[in-house]
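**Q** Protein chains in written order, with my numbering: chain A, 1 to 397; chain B, 1001 to 1107. Supplied in structure tokens, the structure appears directly below.
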């Protein structure tokens, strides 16, 4: 299949819109925001030219977009949307409702910094702010992964053991606006792969009337309910792997919970997410050529966080550096660092884990910055000591 | 799934319907909202002229009427708001303390 695959040149946004066209969801409700705009723009041309049968709802805000998605999904429709930055922030209260109602909505979030100051460029602070909303989060390194993740996301979200909304994340401008080479599937392949939605319930089934979103009452079953919700999110991990295996047969491209790059025999390693993984891999190659045993772990699934598997994959390292493209203000480090260090706690003694905050507001990250993190790592491996506070990579001093 | 609210505080996590939906219709009457009440309406049959103003004003449909006559209060759903007592033109309804009413063996 992979040999005959159609190769195209597309921006990440167009690749997302193309995947949406092939999925042909029942309802799309979205509001434009940089750098997501082209996803909705491309998709709306598919609607206008009749290439999809989607009911496209132009709404007045992202809060309304997510509200319309929730209504349509509760009615039993296959629903998609896309947003970024302030848009995702405006959706915030509705994100929790979508996940608690167990609605399998698929959403692209094109990662962009949050104001102030106003900044339209990439960092991960928008989706990191939504990491506790109960959504599944899948990060992409390039346009190919954004396309592949979109198609797999439908199956993950709609799996009966999951029934949860899912965010497909891709870096604003770096992936969303750069033209990339990728392979796309035939329309029929995608149609067969995603199949028909079997909704968890339907608000529009007169034979089985239900109430959606009621008050939990003074009886208080909230605690039990949240436990079930958390279990469902945990079970998504297995489904992500099952869907990836099936998708590999179709596409020839292999996906997991994360990607290990030259990590097997590495002595030190970096954990990274999104487009910077591509840059970091070239640094790994350079250092390998110089005889250094370095590796890299690229996160794909951030929620649910695959604690056990990641701890296992990193357990042989003498020192670890985490690259965080967002700042968790007042915390011990960035959100990815907090996850990784917690995962490593009690594992293999005390592996030193250091945090590097980089690329905020789209600040360019070059090989030199990543090289610096590796150089620190060689030192940390010798001393067994991590840095006490996060290092801001590339900061003007 | 049968929605039997009477044992809801014994339900385990896995007994709850997916997405916190209520999978049957028309069951609001099973919800004992009368348990919220801190004061209870008492009707004086002598003063009552059966004008039915209380029936019209009650926000919880808790004035029980049969053959155009007020027969009783639905204490399972009456939240004790006191609107009936306030609106009654004949002062035929009085609100009394719920705790002492319950102790006296009222409903």
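C-beta atoms are modelled at their ideal positions from N, C-alpha and C, and glycine is treated no differently.
Note down, in chain order, all residues in the stretch 71-101 of chain A with a beta-carbon under 7 Å from any beta-carbon belonging to chain B.
**A** Cβ contacts with chain B: 100, 101.
**Q** Tell me where the beta strand (DSSP E) around residue 1091 of chain B begins and ends.
**A** Against the second chain, residue 1091 of chain B aligns to sequence position 91. Residue 1091 of chain B -> no beta strand (DSSP E), and no H or E assigned at all.
**Q** Near residue 90 of chain A, what residues of its chain come up, given a Cβ to Cβ distance below 7 Å and the 5 sequence neighbours on each side ignored?
**A** Start at 1 with the first residue of the first chain, and residue 90 of chain A comes out as number 90. Only 61, 62, 63 meet the Cβ criterion.
**Q** Just to confirm, does residue 307 of chain A get its C-beta within under 7 Å of one of the non-hydrogen atoms of the ligand COA?
**A** The model depicted lacks the ligand COA and carries no ligand whatsoever.
**Q** For the stretch 190-222 of chain A, list every residue whose C-beta sits within 8 Å of some C-beta in chain B, in sequence order.
**A** The residues in question are 200, 201, 208, 209, 210, 211, 212, 213, 214, 216, 217, 218, 219, 220, 221.
**Q** Could you tell me whether the Cβ of residue 1007 of chain B comes closer than 8 Å to any Cβ of chain A?
**A** To locate residue 1007 of chain B, count along the second chain from 1; it is residue 7. Output row for residue 1007 of chain B: interface = no.
**Q** Is it buried or exposed, residue 215 of chain A, if we count other Cβ atoms within 10 angstroms and call 16 or more buried?
**A** Position 215 of the first chain, counted from the start, is the residue given in the question as residue 215 of chain A. By the 10 Å Cβ count, residue 215 of chain A comes out exposed.
**Q** Using the Cα positions of residue 327 of chain A and residue 271 of chain A, report the straight-line distance between them to the nearest angstrom.
**A** Position 327 of the first chain, counting from 1, holds the residue named residue 327 of chain A. Position 271 of the first chain, counting from 1, holds the residue named residue 271 of chain A. The straight-line gap from Cα to Cα measures roughly 16 Å.
**Q** In the stretch 235-251 of chain A, which residues sit with their C-beta less than 7 Å from some C-beta in chain B, listed in chain order?
**A** Here the close residues number zero.
**Q** Taking the C-alpha atoms as reference points, what is the distance between residue 1 of chain A and residue 252 of chain A?
**A** As a working mapping, residue 1 of chain A is identified with position 1 in the first chain. As a working mapping, residue 252 of chain A is identified with position 252 in the first chain. At residue 1 of chain A the pLDDT is 47, less than 50, meaning the model places this residue with poor confidence and gives no usable figure here.
**Q** Under a CB-based cut-off of 8 Å, is residue 387 of chain A close to chain B?
**A** Numbered from its first residue, the first chain carries residue 387 of chain A at position 387. No, no contact with chain B.
**Q** Check whether the Cβ of residue 224 of chain A lies closer than 8 Å to any Cβ atom in chain B.
**A** Walking along the first chain from the start, residue 224 of chain A turns up at place 224. Taking Cβ atoms only, chain B reaches closer than 8 Å to residue 224 of chain A, which makes this a yes.
**Q** Determine the direct distance from the alpha carbon of residue 377 of chain A to that of residue 101 of chain A, and round the result to whole angstroms.
**A** By 1-based counting over the first chain, the position of residue 101 of chain A is 101. By 1-based counting over the first chain, the position of residue 377 of chain A is 377. Their Cα atoms are separated by approximately 44 Å.
**Q** Does the beta-carbon of residue 128 of chain A have 16 or more other beta-carbons within 10 angstroms, so that it is buried, or is it exposed?
**A** By one-based count along the first chain, residue 128 of chain A stands at place 128. Flag for residue 128 of chain A reads buried.
**Q** At the 8 Å Cβ level, is residue 27 of chain A part of the contact set with chain B, yes or no?
**A** Within the first chain, the letter at position 27 stands for residue 27 of chain A. So, not an interface residue.
**Q** What's the gap between the Cα of residue 1024 of chain B and the Cα of residue 209 of chain A?
**A** For the purposes of this step, residue 1024 of chain B is taken as residue 24 along the second chain, with counting starting at 1. For the purposes of this step, residue 209 of chain A is taken as residue 209 along the first chain, with counting starting at 1. If you take the alpha carbons of residue 1024 of chain B and residue 209 of chain A, they lie about 6 Å apart.
**Q** Under a CB-based cut-off of 8 Å, is residue 1075 of chain B close to chain A?
**A** Residue numbering aside, residue 1075 of chain B sits at position 75 when the second chain is read from its first letter. Output row for residue 1075 of chain B: interface = no.
**Q** Given that residue 228 of chain A touches chain B, what residues does it touch there, using C-beta distances under 7 Å?
**A** The residue given as residue 228 of chain A occupies position 228 in the first chain. Simply 1013, 1014, 1016.
**Q** How far does the beta strand (DSSP E) with residue 142 of chain A in it extend, from its first residue to its last?
**A** Along the first chain, read from residue 1 onward, the residue named residue 142 of chain A stands at position 142. Premise fails: residue 142 of chain A is in no beta strand (DSSP E) and is neither H nor E.
**Q** Helix, strand or coil for residue 224 of chain A, going by three-state DSSP, please let me know.
**A** Start at 1 with the first residue of the first chain, and residue 224 of chain A comes out as number 224. Three-state result, residue 224 of chain A: helix.
**Q** Taking the straight line between their C-alpha atoms, what separation do you get for residue 54 of chain A and residue 173 of chain A?
**A** Walking along the first chain from the start, residue 54 of chain A turns up at place 54. Walking along the first chain from the start, residue 173 of chain A turns up at place 173. Computed Cα separation, rounded: 27 Å.
**Q** Taking Cβ positions, are residue 224 of chain A and residue 1077 of chain B nearer each other than 8 Å?
**A** In the first chain, residue 224 of chain A corresponds to position 224, counting from 1. In the second chain, residue 1077 of chain B corresponds to position 77, counting from 1. Cβ distance not < 8 Å, so residue 224 of chain A and residue 1077 of chain B don't count as in contact.
**Q** Looking only at its chain, what residues have a beta carbon closer than 6 Å to the beta carbon of residue 65 of chain A, apart from the 5 residues adjacent to it on each side?
**A** Mapped onto the first chain, residue 65 of chain A falls at position 65. Hits under 6 Å: 29, 30, 31, 59, 81.
**Q** From this set, B:1055, B:1007, B:1059, which residue's C-alpha is nearest residue 1072 of chain B's C-alpha?
**A** Walking along the second chain from the start, residue 1072 of chain B turns up at place 72. Of the candidates B:1055, B:1007, B:1059, the one whose C-alpha sits nearest the C-alpha of residue 1072 of chain B is B:1055.
**Q** Within the same chain, show all residues whose beta-carbon is closer than 6 Å to that of residue 107 of chain A, passing over the 5 residues directly before and after it, in chain order.
**A** Counting from one through the first chain, the residue named residue 107 of chain A turns up at place 107. Answer for residue 107 of chain A: 81, 167, listed in chain order.
**Q** Establish whether the CB of residue 163 of chain A and some CB of chain B are separated by less than 8 Å.
**A** Translated into the one-based positions of the first chain, residue 163 of chain A becomes position 163. Closer than 8 Å to some Cβ of chain B, the Cβ of residue 163 of chain A qualifies, so yes.
**Q** Near residue 1039 of chain B, which residues of its chain fall below 8 Å by C-beta distance, leaving aside the five closest residues on each side in sequence?
**A** For this step, residue 1039 of chain B is matched to residue 39 along the second chain. So the qualifying residues of the chain are 1080, 1082, 1095, 1096, 1097, 1098.
**Q** For the putative contact between residue 357 of chain A and residue 392 of chain A, defined by C-beta atoms under 8 Å, what is the C-beta separation to the nearest angstrom?
**A** Your numbering for residue 357 of chain A matches position 357 in the first chain. Your numbering for residue 392 of chain A matches position 392 in the first chain. That belief holds up - the Cβ atoms of residue 357 of chain A and residue 392 of chain A are roughly 5 Å apart, short of 8 Å.
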